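K.L.:
Could you have a look at this structure, given as structure tokens, before my questions?
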Amino acid sequence: MRILIVAAMDENRLIGNDGRLPWPFLPNDHAHVQRLVKGRKTIMGRKSYDTPDRIWSDAGNIVMTSQLNYRVDPGFEVVHSMEEAFDRYKDEDEVVVLGGAQIYAETIPRASVLYLTLIHGTYEGDAYFPDFLGFELTAQEDHPADDRHAVAYSFQTWERG
Numbered sequence: 001m002r003i004l005i006v007a008a009m010d011e012n013r014l015i016g017n018d019g020r021l022p023w024p025f026l027p028n029d030h031a032h033v034q035r036l037v038k039g040r041k042t043i044m045g046r047k048s049y050d051t052p053d054r055i056w057s058d059a060g061n062i063v064m065t066s067q068l069n070y071r072v073d074p075g076f077e078v079v080h081s082m083e084e085a086f087d088r089y090k091d092e093d094e095v096v097v098l099g100g101a102q103i104y105a106e107t108i109p110r111a112s113v114l115y116l117t118l119i120h121g122t123y124e125g126d127a128y129f130p131d132f133l134g135f136e137l138t139a140q141e142d143h144p145a146d147d148r149h150a151v152a153y154s155f156q157t158w159e160r161g
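Under UniProt numbering, think of the first position of the sequence shown as 1, with each following residue one higher.
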């Protein structure tokens, strides 16, 4: 199974602030992430599931939480460890990991590809993407700020070297 990590982060690797994205909503990034998860099963933590910015896949979604009686919407299932999540998806060719910080930290050692949206600028927050040494930047698509996007951003692909 190839593990694909999808995340947006600022220039300091910040990914969240109190369970929300710290920068203005970027419609193109939202559509980009939806394309990346289409047809692939996803894994996310409870905090990512609880956010109003949540992305999910019609193919299936796992929410990892330590809460034993945690309830999720139809189309989602709960697991209590990353190993349990990987076991449920063991027959999948590719799985997308959608965060948050703790989930990224647990899965990055096994990840093959990182699809990162780099938000140009720095913001205030409390959750960060882990170091990703051992990955090489293989593609980048830059987007300036415009009437629909208050900040400039870049879509990046990083592959394990």
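The C-beta atom is built at its ideal place from N, Cα and C for all residues, glycine as well. Since the structure is predicted, the reported quantities are computational estimates derived from the model, not experimental observations.
Between the alpha carbons of residue 42 and residue 97, how many angstroms are there, rounded?
P.N.:
Cα to Cα, residue 42 sits roughly 6 angstroms from residue 97.
K.L.:
Whether or not the stretch 1-19 and the stretch 89-104 are in contact is what I'm after, with contact meaning three or more pairs of Cβ atoms, one per stretch, closer than 8 angstroms; do they touch?
P.N.:
Contact between the stretch 89-104 and the stretch 1-19 is present, because at least three Cβ pairs lie under 8 angstroms.
K.L.:
Expressed to the nearest angstrom, what Euclidean distance is found between the alpha-carbon atoms of residue 28 and residue 54?
P.N.:
Their Cα atoms are separated by approximately 15 angstroms.
K.L.:
Quick one: any contact between the stretch 147-159 and the stretch 114-122, if contact means 3 or more CB pairs under 8 angstroms?
P.N.:
Judged by Cβ distances under 8 angstroms, the stretch 147-159 makes contact with the stretch 114-122, as three or more pairs qualify.
K.L.:
Do the stretch 65-79 and the stretch 12-20 touch if we need at least three Cβ pairs shorter than 8 angstroms?
P.N.:
No, the stretch 65-79 does not touch the stretch 12-20.
K.L.:
Alpha carbon to alpha carbon, how far is residue 88 from residue 107?
P.N.:
Using only the alpha carbons, I get a separation of about 15 angstroms.
K.L.:
On the CB-based measure, 16 or more other CB atoms within 10 Å of its CB, does residue 129 come out buried or exposed?
P.N.:
Residue 129 comes out buried.
K.L.:
Taking the straight line between their C-alpha atoms, what separation do you get for residue 83 and residue 103?
P.N.:
Near 12 angstroms, if we compare the C-alpha coordinates of residue 103 and residue 83.
K.L.:
Using a Cβ-Cβ cut-off of 8 angstroms (strictly less than) and excluding sequence neighbours within five positions of residue 75, which residues of its own chain qualify?
P.N.:
56, 58, 60, 61.
K.L.:
Would you mind reading off the limits of the alpha helix (DSSP H) that contains residue 119?
P.N.:
First-last for residue 119: 113-119, but that is the beta strand (DSSP E), not the alpha helix (DSSP H).
K.L.:
In whole angstroms, what is the alpha-carbon distance linking residue 86 and residue 35?
P.N.:
Roughly 22 angstroms separates the two Cα atoms.
K.L.:
Return the CA-CA distance between residue 38 and residue 127, expressed in angstroms with no decimal places.
P.N.:
Each residue's Cα considered, the two are about 26 angstroms apart.
K.L.:
Enumerate in chain order the residues of its own chain whose CB-to-CB distance from residue 90 is below 7 angstroms, with the five nearest sequence positions on each side excluded.
P.N.:
So the qualifying residues of the chain are 1.
K.L.:
Sorted by chain position, which residues of the same chain lie with C-beta nearer than 8 angstroms to residue 20's C-beta, five sequence neighbours on each side aside?
P.N.:
Once the five neighbours on either side are set aside, the close Cβ partners of residue 20 are 51, 52, 53.
K.L.:
For chain D, find out if any of its Cβ atoms is closer than 8 angstroms to the Cβ of residue 67; answer yes or no.
P.N.:
Absent from the structure is chain D; it holds one protein chain and no more.
K.L.:
Return the chain-ordered list of same chain residues with a C-beta closer than 7 angstroms to the C-beta of residue 26, the five sequence neighbours on each side being excluded.
P.N.:
149, 153, listed in sequence order.
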